[in-house]
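These notes are about the structure you will find just below.
Number of protein chains: 4
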Amino acid sequence: MILSLQVDSETPLYEQLRNQIVIGIATGELAPQEKLPTVRQLAEDLGINTMTVNKAYMLLKQEGYIVIDRRHGAKVSPRTSDNPDLSPRLEEQLQLLIAQAAIQGVNQSRFQSLCSQIFAKMAYRHP
Amino acid sequence: MILSLQVDSETPLYEQLRNQIVIGIATGELAPQEKLPTVRQLAEDLGINTMTVNKAYMLLKQEGYIVIDRRHGAKVSPRTSDNPDLSPRLEEQLQLLIAQAAIQGVNQSRFQSLCSQIFAKMAYRHP
Amino acid sequence: MILSLQVDSETPLYEQLRNQIVIGIATGELAPQEKLPTVRQLAEDLGINTMTVNKAYMLLKQEGYIVIDRRHGAKVSPRTSDNPDLSPRLEEQLQLLIAQAAIQGVNQSRFQSLCSQIFAKMAYRHP
Amino acid sequence: MILSLQVDSETPLYEQLRNQIVIGIATGELAPQEKLPTVRQLAEDLGINTMTVNKAYMLLKQEGYIVIDRRHGAKVSPRTSDNPDLSPRLEEQLQLLIAQAAIQGVNQSRFQSLCSQIFAKMAYRHP
DNA sequence: GTGGTCTAGACCACA
DNA sequence: GTGGTCTAGACCACG
């Protein structure tokens, strides 16, 4: 999986890393149980500090996206969660996002169709 | 309109302010051309510094959500934009949001229905 | 002559007024000796404060663009100046302007040709 | 690069700073990718507040002149833009500038020759 | 009365 | 060590 960082972004590097890995998991590019690169390896590949990669991994672990085993390194969590409701935090984000879209002139059907397109790329689908 | 801040949030105060005002505009709680509180007034009401409020207003102005009239202070922009496409930035955010939802176990129809609910609250609707 | 103000501009109203009158004089839309509207009249037409118009007139007077006679109001100055050199202040502005143009990718010949076009509209030409 | 501020100028300090850096970039005194002084350093050198420098940097960043890298501070943007047309905003400024020059008695060839001189100092030239 | 600018100092997040 | 945020207060330009 290819990770690309923008050093001049508003988003901190560790968060960019976290976001891309989350998307990788959702799209199936990273399979459940798949091993992630070591902190050191990834840091070197990306030319960034190991602390930064470590912070991203800690965050992903804390959020339950990956599990970290001292012997085998980091792996994508086996999928378990099946909670049909969006977390309040995500719901709030979605509201803000839709607000901006609505003001800008995006109508609902256009928005919904875009959602469908994005959902279609996700491997983690629930019926 | 009621604005509430969480001082212990990760999100900077000025950004919380900006977000709530954007949502207020989208839901119609703040009508186009409506006058916003003065920088000083809002700062005092919220118990924060004027520069923090000023920063939020500058951001909103720069993004086109409000207009700052030297004579009468800040007002909600008259709605003009009617761009059916989501900006790349928002689209990226939406992708990340859906990725998280999908992993967590939210299925597409549930997500879409939530979007509908949120859209229903928006006054800024386009057919 | 038509004057239009943007209340949401960075440029103060009195300066916008001053700028438009200067351009009017240069293009010949306002002839030398031509009478300008009274402060009160112009303020009413534009829906702004008389103080604002007054400030613009004072500035124009101080810069020599107009003369103010208590009996007959403000008139465009008869053309007198014939100084072939740009004032240091304008030269500095020109340098900044060209710097921005150059960085943005405008080449010299394109810039020069634009200058020619603008000069062509000026009535105040010197051989 | 030497930066000098006039505290008694009409132009805000942060804008003076911005202007001088823009000119520095255009003349090549500041090369693409070159590191700018840190906010703190520059503030100390100039005897002004860090927030003032910060505001200048934010403005330059927003305008695309510099890039702010979380790791190493601010750097001059790698040159990319190659737009042969002047932005409407600059064109308007140019018109005002030429109007003032024309009234003052500067003729076109004199003006053009001054432009040439200024262009000659710019490193950011396009054929 | 409005926003715009600036200061002197502080604390925090990021890397 | 970097920039980002915030404060409490001040002064100024604009209208």
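Chains as they are written, first to last, in our numbering: chain A, 1 to 127; chain B, 1001 to 1127; chain C, 2001 to 2127; chain D, 3001 to 3127. Backbone N, C-alpha and C fix where the C-beta goes; we use that ideal spot for every residue, glycine too.
Expected contact under 8 angstroms - CB spacing of residue i and residue j to nearest Å
i	j	result
G3028 (chain D)	S2081 (chain C)	36 angstroms between Cβ atoms; not a contact.
L1097 (chain B)	L114 (chain A)	In fact, because the Cβ distance is near 12 angstroms, the residues do not count as touching under 8 angstroms.
L1090 (chain B)	Q100 (chain A)	6 angstroms
L1005 (chain B)	Q1016 (chain B)	5 angstroms
N3107 (chain D)	P2088 (chain C)	Wrong, their Cβ atoms sit about 18 angstroms apart, outside the cutoff.
Q112 (chain A)	Q1117 (chain B)	The pair is not a contact, with the Cβ atoms about 12 angstroms apart (cut-off 8 angstroms).
Any chain A beta carbon closer than 8 angstroms to residue i
i	result
V3106 (chain D)	no
M1058 (chain B)	no
Q1062 (chain B)	no
A1074 (chain B)	no
S1087 (chain B)	yes
DSSP bridge partner residues for residue i (one or two, in chain order)
i	result
I68 (chain A)	A:A74
K35 (chain A)	A:K75
Chain A residues whose Cβ lies nearer than 9 angstroms to that of residue i
i	result
V3039 (chain D)	Within chain A, no residue comes near V3039 (chain D); the closest Cβ sits about 16 angstroms away, beyond 9 angstroms.
V3067 (chain D)	V7, D8
L1090 (chain B)	L97, Q100, A101, Q104, V106
Beta carbon proximity, residue i to chain B, threshold 8 angstroms
i	result
D2008 (chain C)	yes
I25 (chain A)	yes
Q95 (chain A)	yes
L17 (chain A)	no
V53 (chain A)	no
Cross-chain neighbours of residue i in chain B, by beta carbon under 9 angstroms
i	result
L2013 (chain C)	R1070, R1071
Residue-chain proximity (residue i, chain D), Cβ-Cβ < 8 angstroms
i	result
M2122 (chain C)	yes
A2099 (chain C)	yes
Residue closest to residue i, alpha-carbon to alpha-carbon, out of the options
i	options	result
L2034 (chain C)	C:V2053, C:H2072, C:I2103, C:D2045	Inspection of the sequence shows that residue 2034 (chain C) is occupied by Glu rather than by Leu. Per the Cα distances, C:H2072.
S2077 (chain C)	C:L2017, C:A2120, C:N2083, C:K2061	C:K2061
P2012 (chain C)	C:N2049, C:I2103, C:N2083, C:A2074	C:N2049
L36 (chain A)	A:S4, A:Y124, A:I66, A:E44	A:I66
A3056 (chain D)	D:P3084, D:R3040, D:R3018, D:Y3124	D:R3018
G2047 (chain C)	C:I2118, C:V2007, C:F2111, C:P2032	C:V2007
Y2124 (chain C)	D:L3086, D:Q3041, D:A3102, D:I3118	D:A3102
E1063 (chain B)	B:M1122, B:I1021, B:V1039	B:I1021
R3070 (chain D)	A:E10, A:D45, A:P32	A:E10
R2079 (chain C)	C:A2120, C:P2032, C:M2001	C:P2032
Y14 (chain A)	A:T38, A:G24, A:I23, A:V53	A:V53
K2121 (chain C)	C:R2040, C:A2026, C:V2039, C:A2043	C:A2026
A3043 (chain D)	D:K3075, D:F3119, D:I3023, D:L3003	D:L3003
T2038 (chain C)	C:G2024, C:A2074, C:I2023	C:A2074
E92 (chain A)	B:S1109, B:F1119, B:I1068	B:F1119
I23 (chain A)	A:Q41, A:M1, A:M51	A:M1
L2086 (chain C)	D:L3086, D:S3109, D:M3051	D:S3109
Contact set between residue i and chain B, taken where Cβ atoms lie within less than 8 angstroms
i	result
P84 (chain A)	G1105, V1106, N1107, R1110
Partner residues on chain B for residue i, Cβ-Cβ distance less than 7 angstroms
i	result
I131 (chain A)	The shown model of chain A, from 1 to 127, leaves out residue 131 (chain A), and the question about it has no answer.
Within chain C, the residues that residue i reaches when beta carbons sit closer than 9 angstroms
i	result
S3081 (chain D)	I2103, Q2104, G2105
Chain D contact residues for residue i, given Cβ-Cβ distances below 8 angstroms
i	result
L2114 (chain C)	L3086, E3091, L3094
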